[in-house]
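This report concerns only the one structure given below.
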Amino acid sequence: MSEDIREAIAVLIKKGLNKAEEKGEMKLEHLPSIHLEIPSLEEQGDLASNIALRISSQVKLPPRKVAECIANHIESLISPASILSRVEVAGPGFLNFFLKPEAFYPVLDRLEKEGTDYGKSNLGQGKKILVEFVSANPTGPLTVAHGRHAAVGDVLANILDMVGYKVQREYYYNDAGKQMEILGKSVEARYRRILGEETVFPEDGYKGKYIADIAREILNEHGRNVKGTATFRRLSEEKIFEGIKKDLADFGVKFDNRVKEGSLYENGEVEEVIKELERKSVLYEKEGALWFRSSSFGDEKDRVIKKSSGQFTYLAPDIAYHRNKYKRGFHQLINILGPDHHGYIGRLQAAVEALGYDKESLKIIILQLVSLYRGKEKLRMSTRSGDFVTLRQIIDEVGKDAARFFFLMRGTNSHLNFDLKLAREESPENPVYYVQYAHARICSILNFAAEGGIKFGGVGETDLSLLKEEEELRIIKKLLQFPEVVETCARTLEPQGLTAYLRDLAGCFHNFYNKCRVISEDCNLNSARLILVKGVKTTLQNGLHLLGISAPEKM
RNA sequence: GCGCCUAUAGCUCAACCGGACAGAGCAUCGGAUUUCUAAUCCGAGGGUUGCAGGUUCAAGUCCUGCUAGGCGUACCA
432 MSEDIREAIA
442 VLIKKGLNKA
452 EEKGEMKLEH
462 LPSIHLEIPS
472 LEEQGDLASN
482 IALRISSQVK
492 LPPRKVAECI
502 ANHIESLISP
512 ASILSRVEVA
522 GPGFLNFFLK
532 PEAFYPVLDR
542 LEKEGTDYGK
552 SNLGQGKKIL
562 VEFVSANPTG
572 PLTVAHGRHA
582 AVGDVLANIL
592 DMVGYKVQRE
602 YYYNDAGKQM
612 EILGKSVEAR
622 YRRILGEETV
632 FPEDGYKGKY
642 IADIAREILN
652 EHGRNVKGTA
662 TFRRLSEEKI
672 FEGIKKDLAD
682 FGVKFDNRVK
692 EGSLYENGEV
702 EEVIKELERK
712 SVLYEKEGAL
722 WFRSSSFGDE
732 KDRVIKKSSG
742 QFTYLAPDIA
752 YHRNKYKRGF
762 HQLINILGPD
772 HHGYIGRLQA
782 AVEALGYDKE
792 SLKIIILQLV
802 SLYRGKEKLR
812 MSTRSGDFVT
822 LRQIIDEVGK
832 DAARFFFLMR
842 GTNSHLNFDL
852 KLAREESPEN
862 PVYYVQYAHA
872 RICSILNFAA
882 EGGIKFGGVG
892 ETDLSLLKEE
902 EELRIIKKLL
912 QFPEVVETCA
922 RTLEPQGLTA
932 YLRDLAGCFH
942 NFYNKCRVIS
952 EDCNLNSARL
962 ILVKGVKTTL
972 QNGLHLLGIS
982 APEKM
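To convert, take the position in the first sequence, counting from 1, and add 431; that gives the working numbering.
Structure, rendered in C-alpha cells:
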C-alpha cells in the first residue's frame with residue numbers, strides 16, 4: 432500500500448478519535464502510533480487498524496465499543512471524493528477499511544512514468560554502505576555454500592541500491608595465512624610427483640583434483656624448475672582467483688573491490704589499529720600475549736590479538752580492516768558470514784565500539800548452510816578432502832537463474848535444501864519458471880496486440896475504471912505493494928521477501944490470464960488491460976532484475 | 001558447563017512492531033484449453049506451531065523450564 436494511502440487513512444482515524452473526544456465519548460491521554468496492516472483475508476478489507484484494541488484499557492471502554500465509536504465518526508467523514516468506501520468493525524475490535532478502486536489506479540500511472548525506476552525509494556538517503564560477502568580464501572574453487580553467499584550478498588546490494596544507498600560490494604581474503612601455506616605445499620607436492628620425484632604429501636593438504644590440475648598448469652607454463660613454496664603459493668592463488676572471478680562473473684556477481692589481508696600489514700594499518708586500541712586502553716598483556724578487552728563491549732570474553740609468539744591473530748587484521756572501512760567513509764557495514772563464524776559477531780562489534788563507532792552500524796548476517804540433494808539422495812561435502820560440489824557445477828547443471836532463485840528462496844537463517852534435480856527440471860514444480868513464464872506470457876500478449884494493430888495510449892487517455900474484475904483489482908493492489916516489499920527486504924536484510932512477492936504477483940497474473948482475455952472486441956477494455964498487463968511486466972522485470980535473474984520474452 | 005541458531009501440514013518453507021479462522025508450493029485426489037504460451041488455472045482433503053508453564057483483551061511471535069538437532073565457546077583462519 433502506498434504511503435499516501437496509509438497516511439490518508441491514518442488521518443481519518445485521528446479525525447475520528449478527535450470527534451469522539453469532542454463529544455465526550457472517550458478521553459485519551461496519549462495517542463499511540465497508528466499502525467496499519469494489510470489483512471491476510473480479503474474480507475477484512477484493504478487496510479486494518481488495531482487502534483481500538485490498543486487504547487481500550489486507556490479509555491476504559493471495551494475494544495469493540497471503541498472501534499464502533501471511531502468507525503461511526505469516520506463514516507460521517509466519507510465523501511464522494513474520498514478514497515474510502517466503507518469502514519467495518521470486526522473481530523475483537525479491528526477497524527477494517529475498504530477502499531474504492533480509484534484509490535489504486537494511480538499506481539498504473541506511476542508505473543508508466545517510472546518504468547525501471549518503479550520500486551525506488553529514499554530510505555538510504557544516499558548513505559554509503561559496504562556489503563562484504565563471499566570473502567573465500569583462494570584455496571580452491573567456490574562451492575555451493577559460496578554460491579548462496581554470492582547470491583544473497585549481491586541481491587542485498589541490489590536492493591540497498593534500489594532504496595537509495597550508495598552501495599559497494601567487497602571481497603576480503605587472507606592471502607598470507609596458514610591455509611594459503613598449505614595450498615602452496617599441496618600444489619608443490621603434486622608438482623613434484625608429476626615430475627616423478629618422491630614427496631610426502633602434507634598432512635593437512637588439499638586433496639581435490641584441482642590441486643593436480645594447477646600443478647600441471649604450472650608445469651606447462653613455467654617449466655620444470657619452479658622452486659619454493661612461496662612461489663607455488665603465489666601461482667596457485669593467481670590461478671584459483673582467475674577461476675573464482677570467472678565463476679562469479681558467470682553467476683552475475685561483480686565486486687567493486689577486493690581487499691587482501693596482507694595489504695593491511697604492508698600499509699601499516701594493523702600496527703596503527705593496535706596503537707589506537709592501546710591509546711584507548713582496551714588492550715592488556717597476560718601470559719605473554721596481548722589481549723583485547725572485548726568483554727567490556729559485550730563480548731563473552733576477552734580475545735588474544737597478538738600471540739606470545741609475537742604474531743598477530745586473525746583478529747588484528749580484521750579489526751584493522753573494519754576500521755579501514757569506516758575510514759573510507761562507510762557508515763553502514765554489512766558482513767555476510769557462515770554459521771561457523773558466528774562467534775565473530777561479539778568480538779567484531781566489540782572492536783567497532785572500542786574504536787568509537789556505533790555498534791549498530793555493523794550488521795552481521797549469519798547465512799546458514801546449504802545441503803545438496805539429488806532427488807532424495809543427500810550429497811556429502813568436505814572442502815579439505817576435495818569432495819565437494821562447486822558453484823561452477825551448479826551453474827552448468829541448473830543454470831544461473833534457477834540457482835540464484837533457489838539460493839534466495841529461504842530466509843538467511845534457515846538451512847537450505849537445494850535439490851539439483853528439481854532446479855534443473857523445466858517443470859511446473861520449479862518456481863523460477865513460474866515467475867519467468869508470467870513475464871514471457873505478457874510479452875506474448877503485447878506482441879499479439881502489436882501484430883493485430885491494436886494500439887493503446889497512455890494512462891491519461893485510458894478509462895481505467897473498466898478494470899473492475901476481482902482479479903484485476905488484486906493485481907493492481909499487488910503492484911502497489913512492490914516498493915514496500917523492496918523496503919522491507921532492505922530493512923530486514925532478507926531478500927526472501929522479494930522471491931515470495933514475485934511468485935505472488937506472477938500467481939495473480941496467471942489467475943487473471945485464465946479468467947479474462949486481454950485482447951477482445953472492446954477497444955477501451957483492451958487499452959485498460961494492456962496498460963495493466965504492461966504494469967505487471969514492468970514490476971516483474973524490476974523484481975527479477977533485483978534478483979539478477981533474466982526476464983525472458985519467450986519460453 | 002556457558003552462549004547463539006533451529007523446531008510450524010506427509011515434504012520444503014511463510015507469517016510485517018504480539019493481532020482476527022496459522023498461509024503458500026510440492027505431493028495426493030477431482031476438474032478446466034475450438035480464443036492472447038497448459039512451464040497455466042479452479043476445487044478438495046491435510047495442523048494440539050517440539051513439550052510444560054507464565055505474561056495479555058490477544059502468543060507461532062514475549063518470559064521461564066525442558067527435549068532434539070546444528071554451531072560457537074582456540075595464543076586455527
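Beta carbons: idealized from backbone N, C-alpha and C, even for Gly.
| Would DSSP call V713 helix, strand or coil? | coil
| request: Could you check what DSSP says for D430 in three-state terms: helix, strand or coil? | output: Only positions 432 to 986 of the chain appear in this structure, which leaves residue 430 out of reach.
| said: Taking the alpha-carbon of K756 as reference, which of R710, F913 and V704 has the nearest alpha-carbon? | reply: V704
| query | Given that a residue counts as buried once 16 or more other Cβ atoms are within 10 Å of its Cβ, and exposed if not, what is E563? | reply | buried
| Which ranges would you report for the beta strand (DSSP E) in the stretch 502–584 if only whole runs of at least 3 residues count? | 515–521, 525–530 and 559–563
| said: Helix, strand or coil for R689? Go by DSSP, reduced to three states. | reply: strand
| C-beta atoms of A937 and L971 nearer than 8 Å | yes
| query | Can you pull the DSSP bridge partners for Q599? | reply | L561
| message | In the DSSP output, which residue or residues are listed as bridge partners for R841? | response | R841 pairs with nothing; no bridge assigned.
| Is the distance from the Cβ of T821 to the Cβ of L478 below 8 Å? | no
| CB-CB length for G555 against V594, believed under 8 Å | 5 Å
| query | Secondary structure at Q475, three-state DSSP: helix, strand or coil? | reply | helix
| Near V829, what residues of its chain come up, given a Cβ to Cβ distance below 6 Å and the 5 sequence neighbours on each side ignored? | A854 and R855
| task | Identify, in the order they occur along the chain, each residue of the same chain with its Cβ nearer than 8 Å to the Cβ of K597, setting aside the five sequence neighbours on each side. | result | G555, G557, K558, K559 and I560
| query | Sorted by chain position, which residues of the same chain lie with C-beta nearer than 6 Å to I750's C-beta, five sequence neighbours on each side aside? | reply | V704 and A782
| query | From K551, E984 and S510, pick the residue whose C-alpha is nearest to that of N973; which is it? | reply | K551
| said: I'd like to check one pair, L963 with L462: are the Cβ atoms closer than 8 Å? | reply: no
| said: Let me make sure I understand the geometry here. Which of V631, Y549, A567 and L695 has the alpha-carbon closest to that of L746? | reply: L695
| said: Using the Cβ count rule (16 or more neighbours within 10 Å means buried), how would you classify N766? | reply: buried
| query | Where DSSP assigns a beta bridge to S480, which residues make up the other side? | reply | L467 and L526
| The beta strand (DSSP E) spanning I736 covers which residue range? | R734 to K737
| query | At what residues does the beta strand (DSSP E) containing S802 begin and finish? | reply | V801 to R805
| So, helix, strand or coil for L614, using DSSP? | helix
| request: Could you work out which residue in G777, K790, E702 and G769 is closest to G741 when comparing CA atoms only? | output: E702
| field | For F849, the first and last residue of its enclosing beta strand (DSSP E) | value | L847 to D850
| query | Near R600, what residues of its chain come up, given a Cβ to Cβ distance below 6 Å and the 5 sequence neighbours on each side ignored? | reply | V562, A588, F686 and D687
| said: Here's a check: name, in chain order, each residue in its chain whose Cβ is nearer than 8 Å to the Cβ of T969, leaving out the five neighbours to either side. | reply: L542, G546, T547 and Y549
| message | Across the stretch 726–735 and the stretch 778–797, are there enough close Cβ pairs to call them in contact, namely three or more that are closer than 8 Å? | response | yes
| Minimum length 3: unbroken beta strand (DSSP E) runs contained in the stretch 729–786 | 734–737 and 763–768
| request: Go ahead and label E673 buried or exposed: buried means 16 or more other beta carbons lie within 10 angstroms of its beta carbon, across all protein chains shown. | output: exposed
| request: Compute the Euclidean distance between the alpha carbons of L929 and C947, then round it to the nearest angstrom. | output: 26 Å
| Among A534, R823 and A785, which has the Cα closest to the Cα of V713? | A785
| field | Buried or exposed by the 16-neighbour rule on C-beta atoms within 10 Å, applied to A512 | value | exposed
| message | Here's the rule I'm using: 16 or more other beta-carbon atoms within 10 Å means buried, otherwise exposed. How should L472 be labelled? | response | exposed
| said: Suppose the cutoff is 6 Å on Cβ atoms and the five residues either side in sequence are ignored; what does the same chain contact list for I645 look like? | reply: V618, S667 and K670
| request: Counting only the same chain and skipping the five closest in sequence on each side, list residues whose C-beta sits under 8 Å from that of G842. | output: E925 and Q927
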